[in-house]
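With our numbering, you'll find the sequence shown wraps up at 1231, consecutive numbering, no jumps.
Ideal placement from N, C-alpha and C gives every residue a C-beta, glycine not left out.
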Amino acid sequence: MYLPLGSFKFLSMAFLFIATAISLFSQNKVVETFPFEKNKSIQAIEQSLFTEIPDASSGLSFKLPLDKKGVRELDSNPFFVTRKQAIGVCAGDFDNDGLDDVFFAHSYGGHQLFRNLGGLKFKDVTEELNLSEIFKNHWAVGCSFVDINGDGWLDLFIAGTGDPNLVLINQSGNSFLEMSETLGLKRRGASVQMAFSDFDRDGDLDAYLITNRLSTLPSPKNGMQVMAEMERGKVQVEDQYDEVFTIVPHPQEKYRVVNAGERDLFYRNDGGKFIEMSEALGFDGTDEGLAASWIDYDRDGWLDLYVANDFYGSDQLYRNVEGKHFEEQTHSVLPHVPWFSMGTDVGDINNDGWFDLMTSDMAGSDHYKSKMGMGDMEESGWFLRSSNPKQYMRNSLYLNSGKGRFLEIAQQAGVANTDWTWSVKLADLDNDGWLDLIGTNGMMQDRTNSDLLNKAKLLKTQEERIKFWKKFPPKKDENFIFKNLDGLHFQKMGNSGGFNYRGVSFGMALADFDRDGDLDAVVASMDSPYKLYRNNASSSASVTIRLRGKKENKWAIGSTVRITTELGSHWRNLSSSQGYASANSPILHFGLGKAKEIREVEITWPTGEVQTISGISVNAHHQVNQDDDLGPSTGKPTEIETTFREDTLLTKIRHNENHVDDFDLQPLLPYRLSRLGPGLAWGDVDGDDDLDLFMGQSRTSGSELYLRQADGTFVKKEQKYFSDAQLIPFKDMGSLFLDADSDGDLDLYVVSGGYDPSVRSLYLRDRLFLNQGEGDFVLGLPNTPDLRDAGGTVCAADFDRDGDLDLFVGGRMVSGKYPLTPESRLLVNQGGVFSNQTETLSHELVKVGLVNSAVWSDYDGDGWIDLLVASEWGPIRVWKNENGKLSETTESLGLSKTKGWWTSILPVDFDSDGDMDYAVGNLGYNTKYTASIREPLVLHWGDMDGSGKPRLIEACFKSGKFLPIRGKSCSTNAIPSLAEKFKTFHAFASAELTEIYQPKFLDQSLRIEINELASGIWVNQGDKFRFQKFPSLAQTSAVFGMAQADFNGDGWTDICLAQNFFPMQPETGRVNGGIGILMLGSKTGLFTPEYARESGLVIPNDATSLSLVDLDSDHYPDLVVTNNNQYTQTFINQGRGAPPLLVMVKGMPGNLRGAGSRLKVFRKSGAAEVIDITLGLGYLTGNEPQAWVSRRANDPLVYLVLTDPAGRQHKLSPSLMARTVTFDLSVEK
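As structure tokens, this is what we get:
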């Protein structure tokens, strides 16, 4: 039945801009152009980006309806505070007069519709259009202007909460008809928003309804039992609790009953009638949804869907399979998701043509708010450990790699913690050509206040809790703007943004309300329900584009537009809603910075056709009509040949981790030290001239040896001394093959490690396995000293020049007593027996630190190989080799003051200047940790309360204050004496570190620091080293494995990084924002990072070692990556550019492969870079000692000079066509 809601007729009024309209004919289509009109008098005096316009001036005045729904119903609502609030807002030109109008949706009825009169003046036309009656008692959340029936006039969708959804069909701007039932969209429930899109590209709009949970439903009682079963991989609870409760996995209880939401609904538009198709299309689940965004994340031409869910239901990313159905892809595409997702938006933040995604949570924006909101980790921490995918209480900013995977960079970008954030929008607010971030904040009640939460838990009834919360003021936070600086970093604007209202704000809509070329904003709030902000941007160019589509999708929702200027390209997608409960004007806005001309506009219409336009002007509004005769899109963009392609050669070789509860031993550990492997070692153990591999394992299974076959595959060779039950409890760390006993074959040295102090000390003893000639190994127990330390890395060199290989073994930890310094070892090879000579040859080396990596390398080029050690909580340390004795030169080289969380080290002459530089891995910038010289990251270890029990305390400096990193709950659980001292979260959150722990205990404790978290290169400047950070994209995660070679054949050395670190304690969450990265070298010495769509590298797991091996015998270096508790990855080099020259060394027994040699490459131009032929480098990588030498088309190789481990030099001149050369040292005396 049609319900007429008004018969408003337009006043006699000229359409805006008609007098200045210009018609452009491009490819026989009319583009109507309306130049912007800048208000220069306003722009000249405004200092902030936004200025709030009072409602007395704008006419956006809130009116409280006289007729109430019922006092009792409002009073019983747990979140009701006041009726003076709006929650949803949308913008759109409902009367087609050229100006965007505004609609506000109210939580408790009385919605209002305003017509834009121009000049930021609005008129309330709710009553005039006879809408007051239907709005009066209608409770709602989200809303959007959208042309549902395809007549060119924007209709209005309003999501009812407890009330039916409203679908108001626009009658040519004169009136509205409520047609939800006729259209098939009438539904009563906890609706939040409808996200419209033409998912099947048939020319009309389909719709996805986001739903939540009615606040009047009960919560589960402690110990409540609910019957449930799995159906097609989804939980299905018994009928009586369907859409009321659900179950989630629990580490101790197996399952826990939690609140459920209503099922989201998917409506397919069939000839103007909407048919509910959720289950048939692949949608199910009873999550508590709050927002959804359409995003073609893989650029296949079909819009995919991201759904933001609150509480225990994870966010979900659904891939659109050519309009036929959807496949849930969250696990395979996203590293993690927010815990309490609220708003979401899509935009291309780095202008690379691949759409990125932002989702908001409610993490506190400062130390006090963070500590007040952390709550009782005993009660909620289980979910941080058991959620799958992992969910963390912070915003997520997903950066599209273009290879079916997103990086997550919110912490590095500076936008992870923005308080209780509802509506986030990505938009170019200052017209500089970069999408900025704008958001709204606050909540009716401060349910992040852990003190109030604890008091509320003590109340017995729901009624008592409702009354309790209504006694306290709302949580008021500042709204915010973050300026996009460069595509990867954002800076909060504060007062300069003019958008920092402190209160409770929900929905927000952006539109160029005054048609001056910049985006204004309107916000739905509590207490001050309607807030209008004028944008004062004036110095940059911009355009807006109104698309006119064919068929029923007249506003072309779902289109993608690319604008190319002389300065670059910009991409936008046109969606029907964004953020939370709100929708921008369906007109695309582009800031163009200093651009003077638009060279091309490419429109991909929702049905897939592509239209190209040229010759349109900047600083104007354009209306573009879809051409009649357009060719279809080819789908995905033309794929470039990537540097690498992933292969499955070694996927069956898997690392299996053992379970240790590290936090039971040391509750305040920053991460689990039991999860640091595996390592990998390479060498020809069976004498068939190809490389075999050794995979280290944990205490659940024995070590593994794989022999390479003639066809290139690897077959496991069983070893008695690997699989023996008495040897399985060893935990393998670093390993390498070497001819330890000088008998002419490769033996195997394996470092034993592990964190668990309950394991017998015997299993911390390193092992030497002696090769019996064809890859059969026996345990050479008498050949190694009986040292029982938890070790990590191992590297080998003939540092004393006696013809055999000696070892440095880095101490990794003291089991159960982190961060006490373990002992590191210098093991001298004496006739096949290793002897600990550390105290004799370099006693400072014994306590070098918590060693992650080490490498033998002649840093000063004097012919004697030196030792460099990378540890966490300290500097890169260097020991100079002085005729077989080692003396530390760290300080004199300028390294001592830069202290990092160093994870790996790799020799690389990246600038081709003939001396060796060193790439170093670090934690990166994409974590909660920050560190600098002025404000270092600090770790204390000692007795913190006089109990005699040592504890670990993490601390940091923020604005000059020395503050704890861990919260009250974790700290008091670990140090019970704090519970009496700090009885409230407020007291703990307000205290500095010296107020929590007595200064005398801090002073007596071990104190270590970190002041640099970036990965980078220590550049050799002769007598000093200078630190040069890697590009920002390389700081998105922790770096472990590293490898260097000319991977793309352009003649310059590149560096590949294996990233991520999963073992972080649950509050911190996995450091998994990266997916590995290839950085291309250049003549200038600067690196250019490649996205995965260019490199082909997707390494999303907990990567450890990274090896360089030619797996397919094509003379190009391939990559092998090991992952903790996961399968092994291989990446085959696809042979772009000139093939490098592989240089090998054939040595004498004792050093069969010439480990410790240095190669100097002389070219026609006189350039002479150096390459180390090392054994043991990066992270837990027992590499094959060899060198990959790049070819340069305009600077060919002339000759090579090898300095062998004894300091002797050897010269070779390779032929132009040579792929491999070998320095044969075995024939020399």
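A residue is called buried when at least 16 other Cβ atoms come within 10 angstroms of its Cβ; K556 meets this threshold and is buried. Per DSSP, C972 has no beta bridge partner at all. Restricted to the stretch 815–840, not a single alpha helix (DSSP H) segment is unbroken, complete and at least 4 residues in length. Closest by C-alpha distance to A872, out of E841, C797 and V830, is C797.
The continuous stretches of alpha helix (DSSP H) do not include H252, which lies in the beta strand (DSSP E) extending over residues F247 to H252. With 16 or more neighbouring CB atoms inside 10 Å of its own CB, K970 falls in the buried class. Taking 9 Å as the cut-off, the Cβ atoms of D298 and G489 do not count as close. Residue ranges of uninterrupted beta strand (DSSP E) with 3 or more members, entirely inside the stretch 1154–1193 and ordered along the chain, are 1159–1165, 1170–1175 and 1189–1191. For A458, the CB contacts under 6 Å within the same chain, skipping 5 residues up- and downstream, are R467 and F470 in chain order. Secondary structure of D438 (DSSP, three-state): strand. Distance from the CA atom of G1209 to the CA atom of Y1129, rounded to whole angstroms, is 41 Å. Judged by DSSP in its simplified three-state form, V796 adopts strand. Secondary structure of E997 (DSSP, three-state): helix.
DSSP, reduced to helix, strand and coil, places E264 outside both helices and strands of the structure shown, so it counts as coil. In this structure, the straight-line span from the alpha carbon of T905 to that of F1032 is close to 15 Å. Beta-carbon to beta-carbon, D1120 and V1111 are separated by about 6 Å, close enough to satisfy the 8 Å threshold. Inclusion of P1216 and L1227 in the CB contact set at 9 Å is not warranted, their separation being larger than that value. The alpha-carbon separation between S382 and E841 amounts to approximately 49 Å.
In this structure the stretch 1016–1029 lies against the stretch 892–908, because at least three pairs of beta carbons, one per stretch, are closer than 8 Å. Counting only residues of its own chain and dropping the five nearest sequence neighbours on each side, P251 has a CB closer than 7 Å to the CB of Y257 and S388. If you draw a straight line from the Cα of A1195 to the Cα of M1219, it comes to about 13 Å. By the CB criterion at 9 Å, A93 and F515 fall inside the cutoff.
Measuring C-alpha to C-alpha distances from K819 to each of S844, A799, L869 and S760 identifies S760 as the nearest. Taking a C-beta distance under 9 Å as the contact criterion, L1182 and G679 qualify as a contact pair.
Of the residues A1169, G1053, T361 and W1190, the one whose Cα lies closest to the Cα of G1139 is G1053.
In the pairwise beta carbon analysis, the stretch 955–963 is classified as not touching the stretch 1041–1048: fewer than three pairs are separated by under 8 Å.
For D694, the three-state secondary structure derived from DSSP is strand. A check of alpha carbon separations from D947 across T566, E997 and I967 identifies E997 as the nearest. Taken through DSSP and simplified to helix, strand or coil, V417 comes out as coil. CA-CA distance, R265 to L168, rounds to 19 Å. Between D919 and V1021, the C-beta spacing is below 9 Å.
With a beta-carbon spacing of about 15 Å, D862 and K887 fall beyond the 8 Å limit used to define contacts. For I907, the enclosing beta strand (DSSP E) begins and ends at S906 to P909. Secondary structure of W384 (DSSP, three-state): helix. When DSSP reads this structure, T1132 sits in a beta bridge with D649 and V1122.
Counting the other Cβ atoms within 10 Å of the Cβ of L460 gives fewer than 16, which makes it exposed.
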